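Structure first, commentary second.
Numbering (our numbering), first residue to last: 1489 to 1866.
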């Protein structure tokens, strides 16, 4: 049995990928503690979820997506975790995303402890989200990427969340991005456990949902434009649930639409897995489109909500001409639409509103790949 310290810079409240991988390790007989950064000081400091111990650090409020305040908060968290692990070293450090790599590198250098790097996303692209054309943000993004690529040379194992489907696949994923930089990785997709029967939806009116972090306004402006283009009597209601740096602006956007155009909408904040089960049964189509300028979209990002929705029979509308739409259309769980194609978005939403889908491949395939990939480390 190995003592494993996982590190993640969100509150893990929960983070499905982090908890899923931690549970798989616990099932293999290992002891896992997740060191999580509760940036908004919203959750209890210690929690046990399915055998996984979560330790949350309350270090003052730190925003998501900022520059100076975000950087200072993350640095404080990293230092606190480093001090704690140095006092009671684990046998393995498991770094979730690039902003935790400093901890893994330091523990390896000072204590000869190996570390795993789990790359959920192209972390260096996130700083571009508020202003993709900002010269300052582009310079910082390049520096973050360079630093990440240097640090992962020390990783014992690299896990990532997407890759080309097969030799006939059209679009590349994060595995191919890493390979181009000289690093081998194993793809573990964010697929849920499939453990329930899909029931037919009977929502009146029909409902378009977005369940997850609300990080940008532009996709919701596209959605609203599409809904307003529909005949009044056939318009859906909108269900948005989740927190994020753009959540208040999105709330105001739809509150104004409700007052001016009579759009039916319901908006709520953060939710847990139990609440997700209730929310997903309220919607008929999952909206999962993002600005291509973010960078990670065209390089292989796959929205977790697409798989989670499909597990409950709900189809998704996603960005076209990238890996997410290739998967959605190959597995018949959604439709890809061009970012600028408002007419196409409207038609896709209407076409999917009465469709029920089935996710045939869940997390069990990913668990087997995960255990095999970590065998050498454990």
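Even for Gly, the Cβ is constructed at its ideal location relative to N, Cα and C. Since we're looking at a predicted model, the values are computed, not measured.
- Task: Just grab the DSSP bridge partners of residue 1584 for me.
- Result: As a first step, residue 1584 is located in the chain shown; it is residue number 96 there, counting from the start. According to DSSP, residue 1584 bridges with 1606.
- Task: Alpha carbon to alpha carbon, how far is residue 1767 from residue 1604? Give it in angstroms, no decimals.
- Result: Here residue 1604 refers to the residue found at position 116 of the chain shown. Here residue 1767 refers to the residue found at position 279 of the chain shown. Roughly 34 Å separates the two Cα atoms.
- Task: Examine the Cβ distances between the segment 1651 to 1660 and the segment 1611 to 1623 and report whether three or more of them are shorter than 8 Å.
- Result: no
- Query: Counting Cβ pairs, one atom from each stretch, are 3 or more of them under 8 Å apart for the segment 1676 to 1684 and the segment 1739 to 1750?
  - Reply: no
- Message: Could you tell me the alpha carbon to alpha carbon distance between residue 1572 and residue 1495, rounded to whole angstroms?
- Response: Walking along the chain shown from the start, residue 1572 turns up at place 84. Walking along the chain shown from the start, residue 1495 turns up at place 7. Roughly 12 Å between the two C-alpha positions.
- Task: Using alpha carbons as the reference points, say which of 1839, 1848, 1838 and 1800 lies closest to residue 1815.
- Result: To locate residue 1815, count along the chain shown from 1; it is residue 327. Considering only 1839, 1848, 1838 and 1800, the residue with the shortest C-alpha distance to residue 1815 is 1848.
- Task: Starting from residue 1542, follow its DSSP beta bridges and name the residues at the other end.
- Result: Working through the chain shown from its first residue, we reach residue 1542 at position 54. Paired residue(s): 1522 and 1535.
- Meets three-Cβ-pair contact criterion under 8 Å: the segment 1534 to 1542 and the segment 1551 to 1559: no
- Query: So which of 1528, 1632 and 1773 has the shortest CA-CA distance to residue 1691?
  - Reply: Indexing the chain shown from 1 puts residue 1691 at position 203. That would be 1773, whose Cα lies nearest to the Cα of residue 1691.
- Message: List, from N- to C-terminal side, the beta strand (DSSP E) runs of 3 residues or more that fit wholly inside the segment 1764 to 1850.
- Response: 1773 to 1776, 1804 to 1807 and 1822 to 1825
- Query: What residue does the beta strand (DSSP E) around residue 1697 start on, and which one ends it?
  - Reply: Taking the first residue of the chain shown as 1, we reach residue 1697 at position 209. It spans 1695 to 1699 - the beta strand (DSSP E) in which residue 1697 sits, taken as one unbroken run.
- Task: Under 6 Å Cβ to Cβ from residue 1632, same chain only, skipping five residues before and after it: list those, please.
- Result: Your numbering for residue 1632 matches position 144 in the chain shown. The answer, listed in chain order, is 1612.
- Segments of 4+ residues assigned as alpha helix (DSSP H) that fall wholly inside the segment 1645 to 1682: 1662 to 1668
- Query: Quick one: what's residue 1923 bridged to in DSSP?
  - Reply: Given a span of 1489 to 1866 for the chain in the structure shown, any question on residue 1923 remains unanswerable.
- Item | Run of the alpha helix (DSSP H) containing residue 1493, from where it starts to where it stops | Taking the chain shown and counting its residues from 1, one reaches residue 1493 at position 5. Per DSSP, residue 1493 belongs to no alpha helix (DSSP H); it is in the beta strand (DSSP E), 1491 to 1496.
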